[in-house]
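Asks: Going by the numbering used here, the first residue of the sequence shown is number 827, and it counts up by one from there. Positions of the beta carbon are idealized from the N, C-alpha and C atoms, including for glycine.
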Amino acid sequence: MEKVKVLIVDDHTVFCEALASLLTLKGEVDVVGTASNAEDGLKKVKELNPQIVLLDIELNGCTDGIQATHMIKEKFPATEVIMLTMHSNEDYLVDSINAGAKGYISKEFSCSYLLQAIKAVSKGESLVDPRSANKMFREFKKLLNKRENLVPNRSDLSEREVEILRLIAEGNTNKDIGERLHLSINTVRNHVANIFLKLECNSRTKAVFKGRKKQLI
827 MEKVKVLIVD
837 DHTVFCEALA
847 SLLTLKGEVD
857 VVGTASNAED
867 GLKKVKELNP
877 QIVLLDIELN
887 GCTDGIQATH
897 MIKEKFPATE
907 VIMLTMHSNE
917 DYLVDSINAG
927 AKGYISKEFS
937 CSYLLQAIKA
947 VSKGESLVDP
957 RSANKMFREF
967 KKLLNKRENL
977 VPNRSDLSER
987 EVEILRLIAE
997 GNTNKDIGER
1007 LHLSINTVRN
1017 HVANIFLKLE
1027 CNSRTKAVFK
1037 GRKKQLI
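#1: Between residue 1039 and the ligand SAH, is there a pair consisting of the residue's CB and a ligand heavy atom that are separated by less than 7 angstroms?
#2: Can you tell which of 828, 863, 897 has the C-alpha that lies nearest to the C-alpha of residue 882?
#3: What residues are listed by DSSP as bridge partners for residue 930?
#4: Let me confirm a value: residue 842 is counted as buried when at least 16 other C-beta atoms fall within 10 Å, else exposed. Which label applies?
#5: Around the Cβ of residue 904, are there at least 16 other Cβ atoms within 10 angstroms (buried) or fewer (exposed)?
#6: Could you name the residues of the same chain whose beta carbon sits closer than 6 angstroms to that of residue 861, not counting the 5 residues immediately before and after it, in chain order?
#7: CA-CA distance, residue 994 and residue 1023?
#8: Out of curiosity, what's the CA-to-CA distance linking residue 1012 and residue 999?
#9: For residue 1009, which of helix, strand or coil comes out of DSSP?
#10: According to DSSP, simplified to helix, strand and coil, what is residue 834?
#11: Do residue 925 and residue 889 have their CB atoms nearer than 8 angstroms?
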């Protein structure tokens, strides 16, 4: 089986050389080169055509790992990036994914775990280490909460609509409801239509079911 070609870009020389040696000893990947900054890394991506770049998120020089990821994906879209980091900041994780990274691994994880990530990403998968994944889900939850705050809750029925839904649940027809509430049948129909719209249903039975589920009645 052909080994995955890997380029390591990290400005900590000792870490870079140690990681290259460990991965080579494992015998499952081919470390084709190393680089100490983004500029050298981009040159070597062009020269060596690696499948995977292991990229430090914080590099010395004008270009950091996130910017470098943007550049790699723009110029060499077939090359995938796994971000290596010591940072716990959620913004780094989100920015890395937005830049095009397919993996995000803490440097505290073992070489064996990194090998798993390399194999997964080389097969088209994405991988975020468990600790970072928890941060990602928290960030995702924040985005969902923001979205919920921006989008009106369509299931909020008015007092009149709740009253009519309660009468529907009791088996009353539109005519019955109109007589009890002193409303015209057309007005009742409009209220029922609004109830269907807000509860995203198309029948009285489903409206009652959803109303009960949401504890509206």
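Replies: The structure says:
#1: With respect to the ligand SAH, the structure shown offers nothing to examine, as it has no ligands at all.
#2: Looking up residue 882 in the sequence shown gives position 56. Considering only alpha carbons, the answer is 863.
#3: Here residue 930 corresponds to residue number 104 of the sequence shown, with the count starting at 1. In DSSP, residue 930 forms a bridge with 909, 954.
#4: Against the sequence shown, residue 842 aligns to sequence position 16. Under this definition residue 842 is a buried residue.
#5: As a first step, residue 904 is located in the sequence shown; it is residue number 78 there, counting from the start. The residue in question, residue 904, is exposed, as its Cβ has fewer than 16 Cβ neighbours within 10 Å.
#6: In the sequence shown, the residue the question calls residue 861 occupies position 35. Closer than 6 angstroms at the Cβ level, and outside the excluded window around residue 861, lie 835, 867, 870.
#7: Within the sequence shown, the letter at position 168 stands for residue 994. Within the sequence shown, the letter at position 197 stands for residue 1023. In this model, residue 994 and residue 1023 are separated by some 16 angstroms (Cα to Cα).
#8: The count along the sequence shown starts at 1 and reaches residue 1012 at position 186. The count along the sequence shown starts at 1 and reaches residue 999 at position 173. Each residue's alpha carbon lies about 13 angstroms from the other.
#9: In the sequence shown, residue 1009 corresponds to position 183, counting from 1. If DSSP states are grouped into helix, strand and coil, residue 1009 belongs with coil.
#10: Counted from its first residue, the sequence shown places residue 834 at position 8. Three-state DSSP puts residue 834 in a strand.
#11: The residue labelled residue 925 in the question sits at position 99 within the sequence shown. The residue labelled residue 889 in the question sits at position 63 within the sequence shown. Going by C-beta atoms, residue 925 is not nearer than 8 angstroms to residue 889.
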